[in-house]
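The listed protein sequences correspond, in order, to chains X and V. Reminder that position 78 of the first sequence reads as 80 in the working numbering, one-by-one numbering, no gaps. Reminder that position 431 of the second sequence reads as 436 in the working numbering, one-by-one numbering, no gaps. Every residue gets a Cβ at the ideal spot worked out from N, C-alpha and C, and that includes glycine. Here the structure is a predicted model, which is why all the values come from computation and not from measurement. First the structure, in the form of structure tokens, and then the observations on it.
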Amino acid sequence: MAKPTDLVQGTLDLLILKTISLEPKHGWAIAKRIQQVSQEALQIQQGSLYPALHRLEQQAWIKAEWRPTETGRMAKFYSLTHSGRKQLERELANWARLSTAINIVVQEA
Amino acid sequence: MRMLDKVRLRLRSLFRRPSVEFELETELRFHLDQLIEENISSGMPPEEARRAAQRMIGGVAQCKEECRDMLRVNFVEDLVQDVRYTIRSLAKSPGFTGVVVATLALGIGANIAIFTIVHGVLLRPLDYPKPDQLMYLTAEAPAIGGTGSALSAPEYIEFRQMNRSFAAVGAYSTGGAAYTTGEVNLTTGDRPLRVRSISVDAHLLKALSIQPEQGRFFGDEETARWTGTLPPPIAILSHELWRTAFGQRPLVGQKVEIEGRPHEIVGIMPPGADVMDNHTQVWLPLWLHPNMARQREAHVLYVIARLKDGVIAEVAQTELSAFLENWGDRVGTTDHVPTNRPLRSVDHTLQLRALQDAIVGNASRPIWVLQAAVGFVLLIVCANLANLVMARAGSRRREFVLRIALGASRGRLLRQSVTEGAVMSVAGGILGLWLASAGVRALIRAYPTSIPRPSELTINLPVLLVALGLSTGTALLFGFVALGRGRTSSMAAALKEGARGSSGAGRHYARRGLVIAQVAFAVMLVIGTGLLVQTVYNLTRIDAGFDRSRLATFSMTLPMANSEPEARAQAYQRVLDRLRSLPGVLGTAAMSGLPPNRTPDVIATPIENYTSDDGRPFAIIDYYQFVMGDYFGTMGIPIVAGRGFERTDTASQGKVAIVNETLAKRIWKGQNPIGHRLRPPGGSFGASDDVWHTVIGVAKDVRQRGVERPAGTEFYVSLDQHGVAPPSMNVVIRTTLPPAALSGTIQQVVREVDAAVPVVRLRDMDSVFAESIRRPRLLAQLLGAFAGLGLLLAAIGTYGVLSYMVTERRREIGIRLALGATRSHVLTQIMKQGLQVTALGVTIGLAGALAVTRLIASLLFGVQPTDIVTIAFVIATITAVAVVASWLPAWRASRLDPNVALRDE
Numbered sequence: 003m004a005k006p007t008d009l010v011q012g013t014l015d016l017l018i019l020k021t022i023s024l025e026p027k028h029g030w031a032i033a034k035r036i037q038q039v040s041q042e043a044l045q046i047q048q049g050s051l052y053p054a055l056h057r058l059e060q061q062a063w064i065k066a067e068w069r070p071t072e073t074g075r076m077a078k079f080y081s082l083t084h085s086g087r088k089q090l091e092r093e094l095a096n097w098a099r100l101s102t103a104i105n106i107v108v109q110e111a
Numbered sequence: 006m007r008m009l010d011k012v013r014l015r016l017r018s019l020f021r022r023p024s025v026e027f028e029l030e031t032e033l034r035f036h037l038d039q040l041i042e043e044n045i046s047s048g049m050p051p052e053e054a055r056r057a058a059q060r061m062i063g064g065v066a067q068c069k070e071e072c073r074d075m076l077r078v079n080f081v082e083d084l085v086q087d088v089r090y091t092i093r094s095l096a097k098s099p100g101f102t103g104v105v106v107a108t109l110a111l112g113i114g115a116n117i118a119i120f121t122i123v124h125g126v127l128l129r130p131l132d133y134p135k136p137d138q139l140m141y142l143t144a145e146a147p148a149i150g151g152t153g154s155a156l157s158a159p160e161y162i163e164f165r166q167m168n169r170s171f172a173a174v175g176a177y178s179t180g181g182a183a184y185t186t187g188e189v190n191l192t193t194g195d196r197p198l199r200v201r202s203i204s205v206d207a208h209l210l211k212a213l214s215i216q217p218e219q220g221r222f223f224g225d226e227e228t229a230r231w232t233g234t235l236p237p238p239i240a241i242l243s244h245e246l247w248r249t250a251f252g253q254r255p256l257v258g259q260k261v262e263i264e265g266r267p268h269e270i271v272g273i274m275p276p277g278a279d280v281m282d283n284h285t286q287v288w289l290p291l292w293l294h295p296n297m298a299r300q301r302e303a304h305v306l307y308v309i310a311r312l313k314d315g316v317i318a319e320v321a322q323t324e325l326s327a328f329l330e331n332w333g334d335r336v337g338t339t340d341h342v343p344t345n346r347p348l349r350s351v352d353h354t355l356q357l358r359a360l361q362d363a364i365v366g367n368a369s370r371p372i373w374v375l376q377a378a379v380g381f382v383l384l385i386v387c388a389n390l391a392n393l394v395m396a397r398a399g400s401r402r403r404e405f406v407l408r409i410a411l412g413a414s415r416g417r418l419l420r421q422s423v424t425e426g427a428v429m430s431v432a433g434g435i436l437g438l439w440l441a442s443a444g445v446r447a448l449i450r451a452y453p454t455s456i457p458r459p460s461e462l463t464i465n466l467p468v469l470l471v472a473l474g475l476s477t478g479t480a481l482l483f484g485f486v487a488l489g490r491g492r493t494s495s496m497a498a499a500l501k502e503g504a505r506g507s508s509g510a511g512r513h514y515a516r517r518g519l520v521i522a523q524v525a526f527a528v529m530l531v532i533g534t535g536l537l538v539q540t541v542y543n544l545t546r547i548d549a550g551f552d553r554s555r556l557a558t559f560s561m562t563l564p565m566a567n568s569e570p571e572a573r574a575q576a577y578q579r580v581l582d583r584l585r586s587l588p589g590v591l592g593t594a595a596m597s598g599l600p601p602n603r604t605p606d607v608i609a610t611p612i613e614n615y616t617s618d619d620g621r622p623f624a625i626i627d628y629y630q631f632v633m634g635d636y637f638g639t640m641g642i643p644i645v646a647g648r649g650f651e652r653t654d655t656a657s658q659g660k661v662a663i664v665n666e667t668l669a670k671r672i673w674k675g676q677n678p679i680g681h682r683l684r685p686p687g688g689s690f691g692a693s694d695d696v697w698h699t700v701i702g703v704a705k706d707v708r709q710r711g712v713e714r715p716a717g718t719e720f721y722v723s724l725d726q727h728g729v730a731p732p733s734m735n736v737v738i739r740t741t742l743p744p745a746a747l748s749g750t751i752q753q754v755v756r757e758v759d760a761a762v763p764v765v766r767l768r769d770m771d772s773v774f775a776e777s778i779r780r781p782r783l784l785a786q787l788l789g790a791f792a793g794l795g796l797l798l799a800a801i802g803t804y805g806v807l808s809y810m811v812t813e814r815r816r817e818i819g820i821r822l823a824l825g826a827t828r829s830h831v832l833t834q835i836m837k838q839g840l841q842v843t844a845l846g847v848t849i850g851l852a853g854a855l856a857v858t859r860l861i862a863s864l865l866f867g868v869q870p871t872d873i874v875t876i877a878f879v880i881a882t883i884t885a886v887a888v889v890a891s892w893l894p895a896w897r898a899s900r901l902d903p904n905v906a907l908r909d910e
């Protein structure tokens, strides 16, 4: 089970931004979604997820809204802001560059 | 946009902490519940599902803390943390904090209070549109010391017609020409009031550009072109009088009784409207009796003029100078015209100055002196605080070094110490503002007439800015001083040095330097105070020419419009007789002008067999004094030649007069004045025609216009002999009772004689004197308070430095004592150090005082700025204070037990 600390520095932000880029999600749903899509490889702990969410919110990249879930409970839904979308594009580009570079190094060596 | 969002979010997390906390809690609980649900749906029993979920999530508190970290705004949070830390650490040393905050509050408070006065009185423009265009025109007769006098009516009219620089030239009078004494009786319901009045012409309003708040102003046909035998019965009330006396009920168009005549109220002035700080309550139309309008010797009008747009004051001054070259030729007369070449005592010239300067007048120098004094106090305060902060920084040096060693950055430490300074400065500043506003209010209440423009004295934006500047400045100073002290070349050394702190020689020099500066400033303040106290003492000891002990006085006015001179004389006589018959009353008299603070009359008086310097058969006499009853006896004025008025004079036909020594000397120059004759204008006291009066006696000079001014020429007429009286008289009563005890009886006596006449300004003569020297006294009192404060602070500074030094040198002193030094030797040595510092401070302070006391020379009376007695007294005082301040630490040092001092590592 991969610990969040094993994530490359800064990739949690990217994962969160990417995950909520399609539709607003609450924290639990974000964690579940990342877990599912990564085929259980990435398990995001509560202890990393929420500080990250709050940091992104303070950066005004994401915004939060209290809404009822399908079961009727109130939950805090996060969605991308305009500047968050731009940030996502920047981070995606960064990630592409970084992963390509790492791949090249790994394969060449 | 993002910026705004960020700011909004940060403010939210800062200021809406509870709701943010609640949301965080709810959000995390939701996550936990989801996890539990997932576990249950995968087949776990509920209890186990919960435990598993909690295990998986780990520390909720830790997570929350991390989230909170994310929510925080580092800078602001750090600041809040700094402030909290500061408050905690300051609360731990309440003595230090209390002394610093109180000292700051006193220093800043004194500065703000005085700056409020400087700003409100001197710096802030007058409350008229374009106030810098307003000029004040006065007549000056330097040869006889007449300055700031009124103009004659012909001069005023000629100037208005001749000039091209002014858009409007207007005149007012508060006495002579107004047929009042600047006060009128006003009846509201059953209550007679005495209110302050001013008589103005239509041009004056144009010049000042003020409009009544309700109703209208006077027209030209009601002032300049009025042809009645009395001024038209119309009046404008001040907003304040309308509010207090009439409860703001609709009044325009209605009649109100003023000076016994019904006057129509044609307008109400806006709040605060006034002329020349007259504290005007009623505005009356200015109308000149045709005789007075022609008379060039009657200087009765005060003139205010407004420059045309674009014309500067210098141009107007040049134009006026050109008029003065040949004023007589321009207007076709050679009779008593203003001239640029004042040669003889009868000549005068005209002078223009800015209205604001004219209003503030000679109050501006005392105010600046006070500002300088409080500036000194603030410097002493800062020196003292720098010393305190240095001492504290010294003892906290280990703490600072430890924090640096543990990784605190220098910037962070600086911020911490500046924060410490800022917290104390803000506290001191707020307390100071409060002190200042309370102080200014108390000052205005205690001395309503000593400060010009009191209504403008409010703590407003510029004052607040100065307060902010002072607080910020001191805060920064503290921070840097404290950190500068915390600086260390070798951390290890500092840590090793232990709790004794360090004792660098440089620091001692700095701290002694600060004490020397404090003492120097204190010396200057105390010398200034000493000189002013002596001035006040000299002023109170002046022989005004009469015996003021056990003398009560009040004034009353029987309005001219509804009383005949003969009836007035009888009414006053009745009042005097009834008062005389009261038990405890030794004598009564009445007079037209109350010394030592009356307005001059300046009346041209024909004198038999006399030719003045400019070849005229009359002299200008400064003061006419019309008296009733035993005036000289009651007042205790000695008759130096001839005799006083006697009861037998009343019936006799030949009118008699008494002159003062100055008049006798000036007119008859050493000859015997008895038997000479003068002819005063009868109109001046209610008689129908002018008759010759024979001089029967010479009275000792009495100070009439301020105790510090030399007596002018004075001429006494006995109203008893004429059987007439002017409208206003001052009554004096020589009595063994205090005026308060007489008050009820006096009110009753006056009411029985005329129910519509109020008793005004009932007080004892000592208060009249106190009133006449109120400004120097106030200045001396304030300066004395500031000097006392400065002296106290300097003493605390000396004491602080010495006791700190003694604490630091405990070991050394202990060793010396152990090696055989005597206790008295230690005592003298420490005291010597304290006194050396003081001596240096005194020397520097004396040099400074010699340089600056010249600036207050004009405020002094009967004492030189270099007065040796004052200086000796100051040196003695400061030395005494320094001895006390040094003795305590020295005594403690000499009592040291070497055993304890040496063991105490």
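- For residue 39(V), the nearest CB of chain X lies under 8 angstroms from its own CB, placing it at the interface with that chain.
- Rounded to whole angstroms, residue 419(V) and residue 482(V) show a C-alpha spacing of 11 angstroms.
- Per DSSP, reduced to three states, the secondary structure at residue 769(V) is strand.
- Assignment of beta-bridge partners to residue 197(V) by DSSP yields 192(V).
- Here residue 561(V) carries a strand assignment [DSSP, helix/strand/coil].
- At the C-beta level, residue 195(V) and residue 207(V) stay beyond 8 angstroms of one another.
- When the five nearest sequence neighbours on each side are left out, the beta carbons in the same chain lying within less than 8 angstroms of the beta carbon of residue 46(X) are those of 6, 14, 17, 32, 33, 36 and 37, in order along the chain.
- Separation of residue 428(V) and residue 851(V) (C-alpha to C-alpha, rounded to the nearest whole angstrom) is 36 angstroms.
- A residue is called buried once 16 or more other Cβ atoms fall within 10 Å of its Cβ, and residue 605(V) is buried on that count.
- Excluding its 5 nearest sequence neighbours in each direction, residue 549(V) has C-beta neighbours in its own chain below 8 angstroms: 600, 601, 707, 708, 712 and 774, listed in chain order.
- For the segment 341-375 of chain V, the set of positions with a beta-carbon nearer than 9 angstroms to some beta-carbon of chain X is empty.
- Around the CB of residue 231(V), 16 or more other CB atoms lie within 10 Å, so the residue is classed as buried.
- Secondary structure in the segment 813-874 of chain V: no beta strand (DSSP E) run of 3 residues or longer lies completely within the stretch.
- In this structure, the straight-line span from the alpha carbon of residue 272(V) to that of residue 255(V) is close to 10 angstroms.
- Residue pairing by DSSP places residue 630(V) opposite 721(V) in a beta bridge.
- Shortest Cα-Cα distance from residue 162(V) to any of 369(V), 300(V), 215(V) and 690(V) involves 300(V).
- Between residue 531(V) and residue 796(V), the C-beta spacing is below 8 angstroms.
- The beta carbon of residue 845(V) sits closer than 7 angstroms to those of 521, all from its chain and outside the five residues before and after it, given in chain order.
- For residue 312(V), the enclosing beta strand (DSSP E) has its first and last residue at 304-312.
- Rounded to whole angstroms, residue 318(V) and residue 137(V) show a C-alpha spacing of 9 angstroms.
- Counting along the chain, the unbroken alpha helix (DSSP H) around residue 332(V) starts and ends at 332-336.
- Ranked by Cα distance from residue 689(V), the options 528(V), 722(V), 341(V) and 817(V) are led by 722(V).
- Three or more Cβ pairs closer than 8 angstroms define a contact, and the segment 730-737 of chain V meets that threshold against the segment 558-570 of chain V.
- For the C-beta of residue 75(V), the chain X residues within less than 9 angstroms are, from N- to C-terminus, 52, 53, 54, 55, 56, 57, 58, 59 and 60.
- Residue 455(V) sits in coil when the DSSP states are folded into three classes, being neither helix nor strand.
- If you look at residue 242(V), you'll find it in the beta strand (DSSP E) that goes 239-242.
- Against chain X, the beta carbon of residue 62(V) has neighbours under 8 angstroms at 47, 48 and 49, listed in chain order.
- Between the alpha carbons of residue 385(V) and residue 107(V) lies a gap of roughly 14 angstroms.
- The continuous beta strand (DSSP E) containing residue 734(V) extends over residues 733-740.
- Residue environment analysis places residue 171(V) among the buried positions, since at least 16 neighbouring C-beta atoms fall within 10 angstroms of its C-beta.
- In the displayed model, residue 580(V) falls within a helix according to three-state DSSP.
- In the DSSP annotation of this structure, the continuous segment of the alpha helix (DSSP H) that includes residue 91(X) starts and ends at 84-110.
- Annotated three-state conformation of residue 429(V) is helix, per DSSP.
- If you ignore the 5 residues before and after residue 69(X), its C-beta comes within less than 6 angstroms of the C-beta of 79, all in its own chain and listed in chain order.
- Taking 8 angstroms as the threshold, the shortest C-beta distance from residue 98(X) to chain V does not fall below it.
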